[in-house]
Amino acid sequence: MKVVSELINSKGVSKISMITCYDYSTAKVIKDTEVDVVLVGDSLGMVVYGYPSTLQVRIQQMVVHTEAVCRGLGGEKLLVADMPFLSYQTSVRDAVFNAGKLIRAGANIVKLEGGERVIDRVKAIIDSDIPVMGHLGLTPQSVNITGGYKLQAKDEKSVENLFKDAFMLQKAGIVAIVFELIPEEVAKILTNELKVPTIGIGSGKFCDGQVLVINDMLGVSRDFSPKHTRKYSDFYSIISSSINNYVNDVKSGIFPSEENAFHLKSEIDFDKVLNKTKEIYPK
């Protein structure tokens, strides 16, 4: 999937797979997989930089990581980049300007959180010929207002607001929407009613697609495994075991071996070279 229209037209045809990526080397691997969409998420603040939340991520960081992932993908995957906290909340001008930075860095689509309260910025970005992906439900950049990372749309009023926001975003012209941590039943109805593709994370099986943080699905962290994810590997054990094997080989003298070594050409008189260096640099 390389063009935005393919994402839009996939609704009701085939399930969409989306995964996060933050660096060139991982992007090179993802390039050769069957995943449909790659997201440079502001989740990099937590999994790459060790920040306590996504609120500390700056637009400059998103630009740098988007450029790296873009180079690794080589145009083979549709690339989405998150607009970080305060890159669009401050004004319409800032929203368009910063969205443009991410597009110049190689993104095909920008993703931002919120509905009615940011609709003017969403419209302005789209009017600037920049495709937008919405994000509703749990919006991590609003964690100080929502009170933590927990299930959203749990009562009638919040479900009503969610529907209102979703249809406002669709009317504005978004190409797709992420639903994070909302009840499966709500996500199912929204998916059936909306014309744009829905991509879920912790929102059940009825969305048009799914997205996961790559570090979570690969099991990079030993202690963090949220309910909404599934571990497809145990990278923590694989990486730690590999490092320990390397350390043991170094300490035992097994590494480097002959196959890892380089040698002088046979015609070089090493003794002559050594004698000359002794003359120049006597003890």
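This note's numbering puts the first residue of the sequence shown at 9, with every later residue one more than the last.
For each residue, glycine too, the CB sits at the ideal point set by N, CA and C.
The model shown is predicted, which means the values in this text are computed figures rather than measured ones.
Exercise for the section: Below 8 Å on the Cβ atoms is my guess for V167 versus V140; work out the distance and round it to an integer in Å. Expected result: Contact doesn't hold; Cβ gap of about 23 Å is too wide.
Problem - Nearest-angstrom Cα separation, counted from L86 out to I182 - result: 15 Å
Handout entry: Same chain, Cβ closer than 7 Å to K39, five either side skipped, listed in chain order
Key = G80, L81, G82, E84 and K85
Handout entry: Helix, strand or coil at V258 [DSSP, three-state]
Key = helix
Problem - Run of the alpha helix (DSSP H) containing G80, from where it starts to where it stops - result: I67 to L81
Exercise for the section: Flag this pair as yes or no: are the beta carbons of I319 and L202 separated by less than 9 Å? Expected result: A question about residue 319 goes unanswered here, because the residues of the chain that appear run from 9 up to 291.
Problem - Buried/exposed call for I246, threshold 16 Cβ in 10 Å - result: exposed
Exercise for the section: Would you decide whether R112 is buried or exposed? Buried here means 16 or more other CB atoms lie within 10 Å of its CB. Expected result: exposed
Handout entry: 7 Å Cβ shell around M9 - same chain, five flanking residues per side excluded
Key = Here the model assigns M9 a pLDDT of 49, short of 50, so the residue's position is not dependable and the matter cannot be decided.
Practice task
Mind checking who Q218 pairs with in its DSSP beta bridge?
Solution key: S25 and G208
Exercise for the section: Would you check if there are 3 or more beta carbon pairs closer than 8 Å linking the stretch 58-66 to the stretch 222-238? Expected result: no
Practice task
State the start and end residues of the unbroken beta strand (DSSP E) segment that holds G145.
Solution key: V140 to G145
Practice task
Excluding the 5 residues preceding and the 5 following D294 in the sequence, name in chain order all residues of the same chain whose CB lies nearer than 6 Å to its CB.
Solution key: Outside the displayed range of the chain (9 to 291) lies residue 294, so it cannot be described from this structure.
Problem - E188, enclosing beta strand (DSSP E) - first and last residue - result: A184 to E188
Problem - E75 versus I288 - alpha carbon distance - result: 49 Å
Handout entry: Identity of the residues DSSP links to D90 by a beta bridge
Key = K119
Practice task
Identify the continuous alpha helix (DSSP H) that holds V100 and give its terminal residues.
Solution key: V100 to R112
Problem - Assigned exposure category for A269 - 16 Cβ within 10 Å defines buried - result: exposed
Practice task
Count the other CB atoms, across all protein chains shown, that sit within 10 Å of the CB of S13; report buried if there are 16 or more and exposed otherwise.
Solution key: exposed
Practice task
Could you check what DSSP says for E14 in three-state terms: helix, strand or coil?
Solution key: helix
Handout entry: the stretch 54-61 contacting the stretch 101-112, beta-carbon criterion three pairs below 8 Å
Key = no
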